[in-house]
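Keeping their order, the protein sequence lines are chains A and B.
The opening position of the first sequence corresponds to residue 4 in this note's numbering, with each subsequent residue numbered one higher.
The opening position of the second sequence corresponds to residue 5 in this note's numbering, with each subsequent residue numbered one higher.
Think of the CB as a built atom: it goes at the ideal place given N, C-alpha and C, for glycine as much as any other residue.
Remember, it's a predicted structure, so these values are computed and weren't measured experimentally.
The next block holds one structure in the form of structure tokens; read it before the comments.
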Amino acid sequence: MGVTGTPTSIKQGSKTKGGIGESTLRPDGTLKVTGEFAYSSDMWHEDMLWGYTLRSTTAHAEIRSIDTAEALAMPGVYAVLTYDDLPTEVKNYGLEIQDTPVLAHGKVRHHGEPVAIVAADHPETARRAAAKIKVDYAELPVITDEASATAPDALLIHEGRDDHHIGHVPHPNIVHRQPIVRGDADEAAKRADVIVSGEYVFGMQDQAFLGPESGMAVPGEDGGVDLYVATQWLHSDLKQIAPVLGLPEEKVRMTLSGVGGAFGGREDISMQIHACLLALRTGKPVKIVYNRFESFFGHVHRHPAKLWYEHGATKDGKLTHMKCRIVLDGGAYASASPAVVGNASSLSAGPYVIDSVDIEAIALYTNNPPCGAMRGFGAVQACFAYEAQMDKLAAKLDMDPVEFRRLNAMEQGTLLPTGQPCDSPAPVAELLRRVKAMPLPPEQQWLAAGEQADVRALPGGLSNTTHGEGVVRGIGYAVGIKNVGFSEGFDDYSTARVRMEVINGEPVATVHTAMAEVGQGGVTVHAQIARTELGVTQVTINPADTQVGSAGSTSASRQTYVTGGAVKNTCENVREKVLEIGRAKFGSYHPAWATAELLLEGGKVVTDGGEVLADLVDVLEGESVDLELEWRHRPTEAFDLRTGQGNGHVQYSFAAHRAVVEVDTELGLVKVIELACAQDVGKALNPLSVVGQIQGGTTQGLGVAVMEEIIVDPKTAKVRNPSFTDYLIPTILDTPTIPVDVLELADEHAPYGLRGIGEAPTLSSTPAVLAAIRNATGLELNRTPVRPEHLTGT
Amino acid sequence: MRVNFTVNGRKQEADDVWEGESLLYVLRERMGLPGSKNACEQGECGSCTVRLDGVPVCACLVAAGQVEGREVVTVEGLADFAKQREEGCATGACGGTSLQQAQQWQARPSDKVADSQNGEGAELAPIQQAFIDAGAVQCGFCTPGLLVAADELLERNAEPSDADIREALSGNLCRCTGYEKILDAVRLAAARQDRQESGV
Chain A
4 MGVTGTPTSI
14 KQGSKTKGGI
24 GESTLRPDGT
34 LKVTGEFAYS
44 SDMWHEDMLW
54 GYTLRSTTAH
64 AEIRSIDTAE
74 ALAMPGVYAV
84 LTYDDLPTEV
94 KNYGLEIQDT
104 PVLAHGKVRH
114 HGEPVAIVAA
124 DHPETARRAA
134 AKIKVDYAEL
144 PVITDEASAT
154 APDALLIHEG
164 RDDHHIGHVP
174 HPNIVHRQPI
184 VRGDADEAAK
194 RADVIVSGEY
204 VFGMQDQAFL
214 GPESGMAVPG
224 EDGGVDLYVA
234 TQWLHSDLKQ
244 IAPVLGLPEE
254 KVRMTLSGVG
264 GAFGGREDIS
274 MQIHACLLAL
284 RTGKPVKIVY
294 NRFESFFGHV
304 HRHPAKLWYE
314 HGATKDGKLT
324 HMKCRIVLDG
334 GAYASASPAV
344 VGNASSLSAG
354 PYVIDSVDIE
364 AIALYTNNPP
374 CGAMRGFGAV
384 QACFAYEAQM
394 DKLAAKLDMD
404 PVEFRRLNAM
414 EQGTLLPTGQ
424 PCDSPAPVAE
434 LLRRVKAMPL
444 PPEQQWLAAG
454 EQADVRALPG
464 GLSNTTHGEG
474 VVRGIGYAVG
484 IKNVGFSEGF
494 DDYSTARVRM
504 EVINGEPVAT
514 VHTAMAEVGQ
524 GGVTVHAQIA
534 RTELGVTQVT
544 INPADTQVGS
554 AGSTSASRQT
564 YVTGGAVKNT
574 CENVREKVLE
584 IGRAKFGSYH
594 PAWATAELLL
604 EGGKVVTDGG
614 EVLADLVDVL
624 EGESVDLELE
634 WRHRPTEAFD
644 LRTGQGNGHV
654 QYSFAAHRAV
664 VEVDTELGLV
674 KVIELACAQD
684 VGKALNPLSV
694 VGQIQGGTTQ
704 GLGVAVMEEI
714 IVDPKTAKVR
724 NPSFTDYLIP
734 TILDTPTIPV
744 DVLELADEHA
754 PYGLRGIGEA
764 PTLSSTPAVL
774 AAIRNATGLE
784 LNRTPVRPEH
794 LTGT
Chain B
5 MRVNFTVNGR
15 KQEADDVWEG
25 ESLLYVLRER
35 MGLPGSKNAC
45 EQGECGSCTV
55 RLDGVPVCAC
65 LVAAGQVEGR
75 EVVTVEGLAD
85 FAKQREEGCA
95 TGACGGTSLQ
105 QAQQWQARPS
115 DKVADSQNGE
125 GAELAPIQQA
135 FIDAGAVQCG
145 FCTPGLLVAA
155 DELLERNAEP
165 SDADIREALS
175 GNLCRCTGYE
185 KILDAVRLAA
195 ARQDRQESGV
């Protein structure tokens with residue numbers, strides 16, 4: 004096909020369907036509803052082996068010896084590996100600090116730490132073999148809180164950290180400390196007419212993604228390994244895996260397999276290195292699938308926290324100052340603790356105007372389970388506390404809690420405690436107004452069906468614990484601020500490869516990134532962006548792997564911003580190349596090729612006035628365009644280690660919630676009736692997915708408000724509830740209606756004006772539920788999750 | 005031991021099954037049917053829900069030996085199962101597929117081969133289509149179990165109230181969606197079923 008196809012008549016170009024702003028459906032939806040979508044635990048290989056991990060039964064002990072002989076002798080067992088079998092001098096890994104042993108050496112530092120790994124021909128054989136490994140532990144005292152961790156004679160969780168308390172970290176058992184000082188909080192406190200203070204406790208939450216940690220390592224003929232795994236960031240895994248295996252990165256080929264949710268719990272390595280070690284040792288494909296029990300030990304949790312807050316306000320309701328101290332328990336290994344400290348401190352004042360602050364946040368090393376990333380990342384714990392403080396202040400001033408918040412709400416231009424101005428819309432007051440304006444659910448809904456109460460709608464539900472007597476209603480509000488993307492000077496880039504060509508007579512765009520699709524819908528949005536930018540209907544999203552540059556992590560609400568931005572940027576460059584080809588082929592046929600702004604729309608090259616210049620098929624016939632480009636958002640900078648000042652964040656997102664609860668005051672049972680949310684998303688690239696993210700995040704916040712907590716025995720640091728029988732996440736009966744009001748105020752610095760959305764709803768949901776329960780019961784409730792005994796005083 | 009049973013209309017036999025193996029393990033690892041998911045393996049999350057002689061069960065709690073001679077329908081067979089039900093029982097009044105009916109039907113290869121990347125062209129049960137359309141699928145790990153449970157609900161209750169839906173799906177955990185869109189999906193499937201039956 005040549006120049007003969009050039010259009011000579013002028014016709015109107017048609018908008019490409021399925022672009023941004025539409026609720027297009029997931030490209031993987033059909034596979035997921037038919038059971039054909041291959042999750043990491045579904046992989047199967049001829050002649051494969053099953054891996055299993057032996058984990059420590061104690062939280063802190065020296066390992067005197069490990070005897071694997073009996074396990075190795077079992078029929079069906081192919082390999083049993085311990086620390087001694089690691090192939091290189093690199094024996095640790097870690098996201099920020101390489102302090103996590105691949106397999107315990109010398110000692111174990113938390114309950115459930117991997118000690119040995121087994122490969123066998125049946126998963127039960129592997130489990131039984133692991134049970135035959137004899138580990139001789141010499142118990143050490145456990146360090147479980149700030150007092151025991153920072154005592155002058157405290158054992159060091161990590162030897163050789165003596166020199167780490169340079170300046171701002173007062174003890175080697177503190178991973179990181181971030182003070183933030185702005186204004187003079189003591190001086191400002193003198194202007195306060197009321198001062199409230201409180202001590203708050205936030206329990207250890209688990210991501211509890213449904214798809215367990217799993218994957219398969221296949222040894223390659225070149226001595227390398229192919230790893231198929233569910234993760235949040237392929238290239239971060241690769242950087243940690245390759246050195247331990249003693250392989251160059253190009254010999255560790257990683258492909259994302261189906262991910263069954265993540266929420267931060269897959270940022271750290273779990274079974275990746277173990278599967279590779281076993282595959283390389285046995286020469287066979289090795290699959291590892293954690294059961295739920297193991298999954299609770301196999302990933303980091305949300306940092307439990309203790310928070311002390313003091314706020315002051317004048318009698319006309321203006322905040323004067325804030326002081327806070329936040330102690331995050333990071334557990335045995337650092338994971339993402341330094342960054343969590345940065346977030347907790349810099350966002351500790353919440354979305355309010357407070358000129359004078361005195362803030363300190365620290366993360367501890369203890370023998371508790373390691374904690375790291377989870378949706379909301381340090382901002383969640385702070386929001387729980389500062390929102391309780393706002394209600395206390397409002398009550399003391401006899402003001403409406405929403406009005407009090409609106410009076411102090413930050414807006415565009417407000418300086419954060421770090422001195423950084425918020426340079427995009429910050430509709431905090433508007434979100435509060437909107438969420439309050441939503442219609443309330445009718446009173447006594449459980450009577451709505453008729454004379455008899457429908458017990459299914461009451462606290463306790465079908466357990467028939469109440470028929471409505473002793474049930475009181477409460478309403479609570481909360482709002483929060485979350486940073487988007489990686490902060491504090493991190494080089495937060497992403498890479499996208501985009502190819503455009505004609506296949507079967509149709510123009511087709513292929514998008515290849517290493518973005519982990521963990522359920523959030525990135526694959527849907529990338530196709531929408533490519534359609535919008537390139538004017539094609541058909542977009543193929545290639546599987547994510549390490550054959551393309553890093554996409555960064557699917558976390559921090561950053562993927563649509565950063566990898567979406569990378570896809571947009573690469574598409575724009577591809578479009579330019581396509582237009583160059585078009586200009587060369589057809590430029591002489593119409594002056595607009597040289598003079599007008601040209602777009603790709605509906606499979607055609609059109610002018611911004613809608614005049615069609617050519618079919619993309621004709622332009623691309625016999626040619627293709629293929630580009631791989633990196634893309635970065637605006638740079639950020641580190642916080643000063645002593646003052647906390649610095650432009651550390653790139654963008655913020657805001658959500659507000661109103662919770663309506665009913666409480667059975669006799670039995671202490673809570674039923675959340677409704678959790679309404681208003682959130683600013685900048686620009687909703689896919690409204691259906693946006694609402695899904697907001698409702699999902701809201702539910703995780705609800706979970707930690709009333710039921711979710713990993714319970715660690717304070718005497719032994721052992722986990723008491725590693726199962727879905729004992730660690731409760733909300734069911735459909737626990738989860739109320741979640742009406743969502745989406746606001747779209749564009750951030751001019753972001754692609755399409757979008758704002759990261761996934762995390763903000765997790766922040767304010769928890770304090771809103773707590774506020775509603777306080778409103779219903781009159782109790783102070785400074786701890787989450789709220790349990791029946793907290794409500795009944797038993 | 006050897007276990008003989010019918011899966012999605014096909015007679016199957018599994019050899020060398022260890023006595024402790026669950027139905028879930030046999031389906032996933034021996035039959036090549038990984039659609040039923042392994043999220044908790046102790047009957048708490050419902051991700052492995054299948055129908056055993058028509059009754060929804062957690063496949064992780066069923067010992068493989070217990071299914072000898074019985075009928076299992078997994079998410080992989082759901083579209084065909086729903087189609088057979090529709091054909092055999094167009095009014096929806098006969099309350100499910102009888103054992104005899106189930107034994108008579110065979111899984112039939114689809115005329116269209118489903119697209120290997122996005123599954124386009126696959127024939128779907130109404131509840132499957134409704135989950136896609138309503139945005140009820142995010143990570144999707146809970147989806148197979150929810151689909152089997154929701155399909156069974158709609159089979160016995162064509163017009164479920166929200167309370168009915170919540171009760172029927174209370175054994176299925178979802179961590180991504182907040183359940184709102186799952187409710188939407190079941191309502192949508194019920195409404196479409198109603199429209200179809202009333203000929204609108």
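- The beta carbons of A/Ala569 and A/Glu633 sit about 7 Å from each other, so the pair counts as a contact at 8 Å.
- CA-CA distance, A/Asn576 to A/Tyr140, rounds to 60 Å.
- It is roughly 39 Å from the alpha-carbon of A/Pro717 to the alpha-carbon of A/Val431.
- DSSP places A/Ala662 within a strand segment (E or B) once states are collapsed to three.
- Residue-level contact by beta carbon fails for B/Ala193 and chain A, as no gap is shorter than 7 Å.
- For A/Gln562, the number of other beta carbons within 10 angstroms of its own is at least 16, and it is reported as buried.
- Judged by DSSP in its simplified three-state form, A/Ala687 adopts coil rather than helix or strand.
- When the five nearest sequence neighbours on each side are left out, the beta carbons in the same chain lying within less than 6 Å of the beta carbon of A/Lys318 are those of Asp196, in order along the chain.
- With respect to A/Val539, A/Ala512 sits close: the two C-beta atoms are nearer than 7 Å.
- Proximity of B/Leu28 to chain A, defined by a Cβ-Cβ separation below 7 Å, is not satisfied.
- For A/Asp457, the chain B residues whose C-beta falls within less than 9 Å of its own C-beta are Ala167, listed in chain order.
- No Cβ-Cβ contact shorter than 7 Å links A/Leu396 with A/Ala265.
- Of A/Lys607, A/Glu142, A/Gln210, A/Asp548, the smallest CA-CA separation from A/Arg534 is found for A/Lys607.
- Of the residues A/Gly473, A/Ile198, A/Val262, the one whose Cα lies closest to the Cα of A/Ala547 is A/Val262.
- In the three-state scheme derived from DSSP, where H, G and I count as helix and E and B as strand, B/Val61 is classed as strand.
- Collapsing the DSSP output to three states places A/Asn778 in a helix.
- A/Pro442 and A/Ile741 have their C-alpha atoms spaced approximately 12 Å apart.
- Less than 7 Å divides the Cβ of A/Ser43 from the Cβ of A/Ser260.
- Apart from the 5 residues on each side of it in sequence, A/Ala192 sits with its Cβ closer than 7 Å to the Cβ of Ile198, Gly315, Thr323, His324 in its chain, given in chain order.
- Nearest C-alpha to A/Gly334 among A/Glu116, A/Gln384, A/Ala154: A/Glu116.
- Under the DSSP assignment, A/Asn545 falls outside any alpha helix (DSSP H); it carries neither an H nor an E label.
- Its Cα nearest to that of A/Val475, the residue A/Leu670 stands out among A/Val628, A/Met46, A/Leu670, A/Thr421.
- In the three-state DSSP reduction, A/Leu34 falls in the helix class (H, G or I).
- A/Gln415 and A/Glu536 have their C-alpha atoms spaced approximately 30 Å apart.
- Across the segment 37-65 of chain B, CB contacts with chain A closer than 8 Å involve Leu37, Pro38, Gly39, Ser40, Lys41, Asn42, Ala43, Cys44, Glu45, Gln46, Glu48, Cys49, Ser51, in sequence order along the chain.
- The criterion of a C-beta distance shorter than 7 Å is not satisfied by A/Lys326 and A/Asp358.
- For A/Asn294, the chain B residues whose Cβ falls inside 7 Å of its Cβ are Glu45, in order along the chain.
- Below the 8 Å Cβ cutoff, chain B contributes no neighbours of A/Tyr81, its closest Cβ being approximately 17 Å away.
- Taking 7 Å as the cut-off, the beta carbon of A/Leu84 is found closer than this to the beta carbon of A/Ile120.
- Here B/Ala126 is not near B/Ala189, since their CB atoms are 7 Å or more apart.
- In this structure, A/Leu601 is the residue among A/Val622, A/Val620, A/Leu601 with its C-alpha nearest to the C-alpha of A/Glu614.
- Among the residues of chain B, those whose CB is under 7 Å from the CB of A/Lys35 are Val141, Gly144, Thr147, following chain order.
- With its beta carbon at least 7 Å from every one in chain B, A/Gln682 lies outside the interface.
- Taking CB atoms only, B/Glu184 has a neighbour in chain A less than 7 Å away.
- Within chain A, Thr734, Ile735, Leu736 have C-beta atoms less than 8 Å from the C-beta of B/Ser174, given in sequence order.
- Going by DSSP, A/Ala122 is part of the beta strand (DSSP E) stretching over 117-123.
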